[in-house]
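**Q** Submitted below is the structure of interest, expressed as structure tokens.
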Amino acid sequence: MNGIPEISRLKLGFIALTDCAPLVAAKELGLFEDQGLDVTLSREASWANIRDKVVSGALDGAHMLAPMTLACTLGAGVPATPVIAPLSLNANGSSIALSESLARQLRELDDEATAGAPRTAHALKRLVERRAAAGERALTFAVVFPFSIHNYLLRYWLADGGVDPDRDVRITVTPPPRMAARMLAGEVDGFCVGAPWGAVVEAAGAGEIWVQNCGLWRGAPDKVLGVAAAWAERHPATLQAMLRALIKAAMWADRTENREALADMLAQPHYVTAPVAQIRRALVDSDAVALQFHDEDAGYPRRPHALWLLSQMRRWGQIDDNADVYAAAVQVYRPDLYLQAAEAVDAPTRGRLLDVEPLKPMFDGRAFDPSRFEAYVAGFPLRRRLAPAQ
Amino acid sequence: MRVLVIDPDKARAALVAEGLADVKPLEVRSAESFEAVEAELEAFAPDVIVIACDSPDRDTLENLRERTAHNPRPIVMFVDRSAPGLADAAIEAGVAAYVVDGLAAKRVRPVLEVALTRFQLMQKLRGDLAKAQADLAARKTIDRAKGLLMKERGLDEDAAYQVLRKLAMDSGRPLGAVAADLVAYANVLKGGS
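Taken in sequence, the protein lines are chains A and B. Here numbering that gives the first Met the number 0 is used: the first residue of the first sequence is 0, the next is one more, and so on. Here numbering that gives the first Met the number 0 is used: the first residue of the second sequence is 0, the next is one more, and so on.
See the structure below:
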């Protein structure tokens with residue numbers, strides 16, 4: 000099905016984040032053109048806009064939060080509309096940053112408890128208790144969207160330290176480019192966001208990166224290419240052409256010698272609009288596992304990842320017990336479409352092995368076995384339950 | 000019914016509020032950002048929130064659904080399946096709405112329809128303004144191109160215009176674009192930039 004694209008003019012949405020790199024590189028390097036596509040990249044103000052425009056057809060596809068594709072399909076928070084994820088856009092790059100003041104309070108409380116790798120939230124738990132006893136306001140943390148790996152990893156990390164993410168602290172939502180400003184204004188005490196926004200707040204002296212999320216879970220699922228299922232059915236050849244361009248762009252972006260050029264590309268005002276020095280941090284001079292777009296099969300949409308995301312949606316009461324998680328993972332994550340395109344451009348991949356290979360364990364040692372979904376969710380002492388829909 | 004309008008664009012917010020004044024019974028409040036009204040949100044308790052899609056506060060609103068889980072005021076994205084195309088048209092025009100769960104769609108529809116038409120109106124006004132400005136700029140360029148032709152080739156104004164028009168027709172490009180090229184080439188030939 001490497002036929003002529005049904006349509007050639009496409010509009011793809013993105014949010015100002017370093018991990019939109021495959022889209023930007025494919026556009027800037029003319030890789031979309033090579034596939035006969037005339038692509039316009041549209042920077043969107045919010046994830047909600049991205050979702051609505053993909054669902055309504057105003058966008059042909061977009062840089063999307065992986066759990067958003069599952070939430071759309073299951074009808075969590077919105078009327079159910081099937082969306083597919085035929086490509087994972089990146090792994091790694093996100094972090095939990097704390098305000099200068101919160102980091103200082105934690106160090107004063109217990110310098111040793113804040114020294115682990117990765118640091119756990121146990122010291123935070125003690126601080127939260129002390130603040131509550133003194134009648135101080137609850138700490139506020141920001142994530143990028145309710146259905147995001149950032150929300151789930153922050154909650155996982157807090158709960159691991161005994162901090163109840165719903166009762167002990169307040170979790171709010173802020174679009175990535177506004178995180179630094181909100182921390183500077185003292186409106187948030189911590190946030191979990193993708194690159195470069197953690198580095199930006201650190202460079203501004205308003206906060207510091209406290210935990211690199213790759214330390215919590217290396218290779219965690221992050222952004223995907225999201226396309227409405229109905230659109231994909233009508234435009235199979237166009238989708239394949241788009242995937243070929245994006246996979247080639249991801250391979251280019253992962254080569255060390257191209258990273259500087261990639262950072263320069265992304266720093267342009269119509270893309271990420273952040274200083275190139277801070278964009279380079281997750282790409283070039285990384286103090287953590289650098290962002291990956293293709294290497295180690297970062298592009299392969301792994302169904303066990305989808306199921307893990309669904310396990311956290313269940314854990315925090317975003318979906319009810321009746322939601323068919325296995326059906327959702329199979330319907331949304333489409334490794335078949337990925338493999339077809341990867342083969343066409345000779346992209347190395349371990350392929351179907353990835354569907355059965357166990358995922359790396361989390362920082363707390365817990366391993367996720369997709370076939371024991373219910374037991375995994377039930378194993379968390381801290382969780383919420385959503386009453387099943389009528 | 001209480002409606003909260005969040006729009007960083009003051010002029011557009013005023014236009015929407017004016018339109019909503021005709022939908023009764025309504026209590027309307029507008030703000031530039033969600034943060035500006037967050038503190039009073041509980042007290043005002045809007046049944047509907049209308050928000051501009053270019054406002055970065057949309058994602059913050061999506062989270063209200065979770066935050067209000069223990070105080071039963073879930074707010075959901077409004078996509079009224081009974082009026083096909085309405086939600087899509089709203090997204091196209093750059094406006095979204097959230098309603099309190101359980102509020103009948105037919106009660107909300109007039110609100111979204113007003114918001115939609117006002118956003119479309121604003122889009123058209125801005126589009127017209129941009130076009131008028133572009134037309135004015137094109138006319139100035141055409142005048143300059145005509146002036147050049149008159150001076151360099153000794154033509155009268157009408158003949159100079161005919162030359163431009165022929166160039167445009169032969170190349171299948173707008174008159175303004177042809178004139179702009181001519182002015183640019185003339186600058187290069189004169190040694191300008």
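All residues carry an ideal CB built from backbone N, CA and C; glycine is no exception. Small disclaimer: the values here were computed from a predicted structure and weren't measured.
#1: At a Cβ threshold of 7 Å, is residue 1 of chain B touching chain A?
#2: Quick one: grab the DSSP three-state call for residue 235 of chain A.
#3: So, at 8 Å on beta carbons, what are the nonlocal neighbours of residue 99 of chain A in its own chain, with the 5 sequence-adjacent residues on each side left out?
#4: Along the region 170-189 of chain A, where does the CB come closer than 7 Å to a CB of chain B? Name the residues.
#5: Helix, strand or coil: which one does DSSP assign to residue 312 of chain A?
#6: Can you name the residues of chain A whose CB is closer than 7 Å to the CB of residue 59 of chain B?
#7: Please specify which runs of the beta strand (DSSP E), each continuous and at least 3 residues long, are wholly inside the region 77-129 of chain A, giving them in chain order.
#8: Between the C-alpha atoms of residue 249 of chain A and residue 353 of chain A, what's the straight-line distance to the nearest angstrom?
#9: Residue ranges of each alpha helix (DSSP H) run of no fewer than 4 residues wholly in the region 176-261 of chain A, ordered along the chain?
#10: Report the residues of the region 26-43 of chain B with a CB closer than 9 Å to any CB of chain A, ordered along the chain.
#11: Going by CA-CA distance only, name the one from B:1, B:22 and B:18 that's closest to residue 40 of chain B.
#12: Give the residues of chain A in contact with residue 55 of chain B, contact being defined as C-beta atoms less than 7 Å apart.
#13: Hey, quick one: how far does the alpha helix (DSSP H) through residue 1 of chain B stretch, first residue to last?
#14: Look up residue 332 of chain A in the DSSP assignment and give the residues it is bridged to.
#15: Look at the alpha carbon of residue 54 of chain A and the alpha carbon of residue 48 of chain B, and state the distance between them as a whole number of angstroms.
#16: Give the residues of chain B in contact with residue 144 of chain A, contact being defined as C-beta atoms less than 9 Å apart.
#17: Would residue 180 of chain B count as contacting chain A if we go by Cβ distances under 7 Å?
#18: Are the C-beta of residue 90 of chain B and some C-beta of chain A separated by less than 7 Å?
#19: Taking 7 Å as the CB-CB cut-off, is residue 8 of chain B touching chain A?
#20: Could you tell me the alpha carbon to alpha carbon distance between residue 200 of chain A and residue 278 of chain A, rounded to whole angstroms?
#21: What span of residues does the beta strand (DSSP E) with residue 13 of chain A cover, start to end?
#22: Given a cut-off of 7 Å on the beta-carbon distance, is the pair residue 137 of chain B and residue 175 of chain B in contact?
#23: Between which two residues does the alpha helix (DSSP H) holding residue 162 of chain B run?
#24: Taking the alpha carbon of residue 339 of chain A as the reference point, which residue from A:240, A:295 and A:288 has its own alpha carbon closest?
#25: So, residue 177 of chain B versus residue 167 of chain B, is the Cβ gap smaller than 7 Å?
#26: Is DSSP giving residue 291 of chain A helix, strand or coil here?
#27: For residue 18 of chain A, does the count of other Cβ atoms within 10 angstroms reach 16, so buried, or fall short, so exposed?
#28: Tell me which residues of the region 47-78 of chain A have at least one Cβ-Cβ distance to chain B shorter than 8 Å, keeping chain order.
#29: Would you decide whether residue 274 of chain A is buried or exposed? Buried here means 16 or more other CB atoms lie within 10 Å of its CB.
#30: I want to verify the contact list: residues of chain A whose CB lies under 9 Å from the CB of residue 95 of chain B, in sequence order.
#31: Going straight from the alpha carbon of residue 361 of chain A to that of residue 351 of chain A, what length do you get?
#32: Considering only the alpha carbon of each residue, which of A:27, A:229, A:83 and A:154 lies closest to residue 305 of chain A?
#33: For residue 64 of chain A, count neighbouring C-beta atoms within 10 Å of its own C-beta (all shown protein chains included) and say buried if the count is 16 or more, exposed if not.
#34: Please tell me whether residue 148 of chain A and residue 227 of chain A are closer than 7 Å, where the distance is taken between their beta carbons.
#35: State the start and end residues of the unbroken beta strand (DSSP E) segment that holds residue 362 of chain A.
#36: Since residue 347 of chain A contacts residue 300 of chain A with CB under 8 Å, what's their CB separation in whole angstroms?
**A** The structure says:
#1: Mapped onto the second sequence, residue 1 of chain B falls at position 2. No, residue 1 of chain B lies away from the interface with chain A (no Cβ there is under 7 Å from its Cβ).
#2: On the first sequence, residue 235 of chain A is found 236 positions in, with the first residue counted as 1. In this structure, residue 235 of chain A counts as helix in the three-state DSSP scheme.
#3: Taking the first sequence and counting its residues from 1, the one referred to as residue 99 of chain A is at position 100. Once the five neighbours on either side are set aside, the close Cβ partners of residue 99 of chain A are 204, 205, 206 and 207.
#4: Within the region 170-189 of chain A, contact with chain B at the beta-carbon level (separation under 7 Å) is assigned to 171, 172, 173, 174 and 177.
#5: Within the first sequence, the letter at position 313 stands for residue 312 of chain A. In the structure shown, residue 312 of chain A sits in a helix (DSSP, three-state: H, G or I).
#6: Within the second sequence, numbered from 1, the residue matching residue 59 of chain B stands at position 60. Result: 171, 172 and 173.
#7: Assignment of beta strand (DSSP E) within the region 77-129 of chain A, counting only whole runs of 3 or more residues, yields 82-87 and 94-98 in chain order.
#8: Taking the first sequence and counting its residues from 1, the one referred to as residue 249 of chain A is at position 250. Taking the first sequence and counting its residues from 1, the one referred to as residue 353 of chain A is at position 354. Each residue's Cα considered, the two are about 19 Å apart.
#9: Fully enclosed alpha helix (DSSP H) runs of 4 or longer: 178-183, 196-202, 212-215, 228-233 and 235-252.
#10: If the cut-off is 9 Å between Cβ atoms, the region 26-43 of chain B has 34 near chain A.
#11: Indexing the second sequence from 1 puts residue 40 of chain B at position 41. When the alpha-carbon of residue 40 of chain B is set against those of B:1, B:22 and B:18, the nearest one is in B:1.
#12: The sequence position of residue 55 of chain B within the second sequence is 56, counting from 1. Near residue 55 of chain B (Cβ distances below 7 Å), the residues of chain A are 44, 45, 174 and 177.
#13: Position 2 of the second sequence, counted from the start, is the residue given in the question as residue 1 of chain B. Careful: residue 1 of chain B lies outside any alpha helix (DSSP H), inside the beta strand (DSSP E) at 1-5.
#14: To locate residue 332 of chain A, count along the first sequence from 1; it is residue 333. When beta bridges are read from the DSSP output, residue 332 of chain A appears opposite A:84.
#15: Residue 54 of chain A sits at position 55 when you count from the first residue of the first sequence. Residue 48 of chain B sits at position 49 when you count from the first residue of the second sequence. About 21 Å.
#16: Taking the first residue of the first sequence as 1, we reach residue 144 of chain A at position 145. Chain B residues near residue 144 of chain A: 58, 61 and 62.
#17: Stepping through the second sequence from its first residue, residue 180 of chain B is reached at position 181. Chain A places no beta carbon closer than 7 Å to that of residue 180 of chain B, leaving this residue out of the contacts.
#18: If you number the second sequence from 1, residue 90 of chain B lands on position 91. By this cut-off, residue 90 of chain B is an interface position.
#19: Here residue 8 of chain B refers to the residue found at position 9 when the second sequence is read from its first residue. Taking Cβ atoms only, chain A never reaches closer than 7 Å to residue 8 of chain B, which makes this a no.
#20: Against the first sequence, residue 200 of chain A aligns to sequence position 201. Against the first sequence, residue 278 of chain A aligns to sequence position 279. Rounded to the nearest angstrom, the two C-alpha atoms are 12 Å apart.
#21: Counting from one through the first sequence, the residue named residue 13 of chain A turns up at place 14. According to the DSSP assignment, residue 13 of chain A belongs to the beta strand (DSSP E) that extends over 8-13.
#22: Start at 1 with the first residue of the second sequence, and residue 137 of chain B comes out as number 138. Start at 1 with the first residue of the second sequence, and residue 175 of chain B comes out as number 176. Yes, they are a contact pair.
#23: To locate residue 162 of chain B, count along the second sequence from 1; it is residue 163. For residue 162 of chain B, the enclosing alpha helix (DSSP H) has its first and last residue at 156-170.
#24: Counting from one through the first sequence, the residue named residue 339 of chain A turns up at place 340. Looking only at A:240, A:295 and A:288, the smallest Cα-Cα distance to residue 339 of chain A is reached by A:240.
#25: Here residue 177 of chain B refers to the residue found at position 178 of the second sequence. Here residue 167 of chain B refers to the residue found at position 168 of the second sequence. Inclusion of residue 177 of chain B and residue 167 of chain B in the CB contact set at 7 Å is warranted, their separation being smaller than that value.
#26: As a working mapping, residue 291 of chain A is identified with position 292 in the first sequence. In the structure shown, residue 291 of chain A sits in a strand (DSSP, three-state: E or B).
#27: As a working mapping, residue 18 of chain A is identified with position 19 in the first sequence. Buried, by the Cβ-count rule.
#28: Interface annotation for the region 47-78 of chain A against chain B: 47, 48, 51, 52, 55, 56, 57, 76, 77 and 78, criterion Cβ-Cβ distance under 8 Å.
#29: Mapped onto the first sequence, residue 274 of chain A falls at position 275. By the neighbour-count rule (16 or more Cβ atoms within 10 Å), residue 274 of chain A is not buried but exposed.
#30: Translated into positions along the second sequence, residue 95 of chain B becomes position 96. What residue 95 of chain B touches in chain A: 47, 48 and 51.
#31: Within the first sequence, the letter at position 362 stands for residue 361 of chain A. Within the first sequence, the letter at position 352 stands for residue 351 of chain A. Rounded to whole angstroms, residue 361 of chain A to residue 351 of chain A spans 23 Å at the Cα level.
#32: Reading the first sequence from its first residue, position 306 is the one you call residue 305 of chain A. Of all alpha-carbon atoms in A:27, A:229, A:83 and A:154, the one lying nearest the alpha-carbon of residue 305 of chain A is that of A:83.
#33: By one-based count along the first sequence, residue 64 of chain A stands at place 65. With 16 or more other Cβ atoms from the protein chains shown falling within 10 Å of its own Cβ, residue 64 of chain A counts as buried.
#34: To locate residue 148 of chain A, count along the first sequence from 1; it is residue 149. To locate residue 227 of chain A, count along the first sequence from 1; it is residue 228. No, the Cβ-Cβ distance between residue 148 of chain A and residue 227 of chain A is not below 7 Å.
#35: For the purposes of this step, residue 362 of chain A is taken as residue 363 along the first sequence, with counting starting at 1. DSSP places residue 362 of chain A in no beta strand (DSSP E); its state is neither H nor E.
#36: Within the first sequence, the letter at position 348 stands for residue 347 of chain A. Within the first sequence, the letter at position 301 stands for residue 300 of chain A. Contact doesn't hold; Cβ gap of about 16 Å is too wide.
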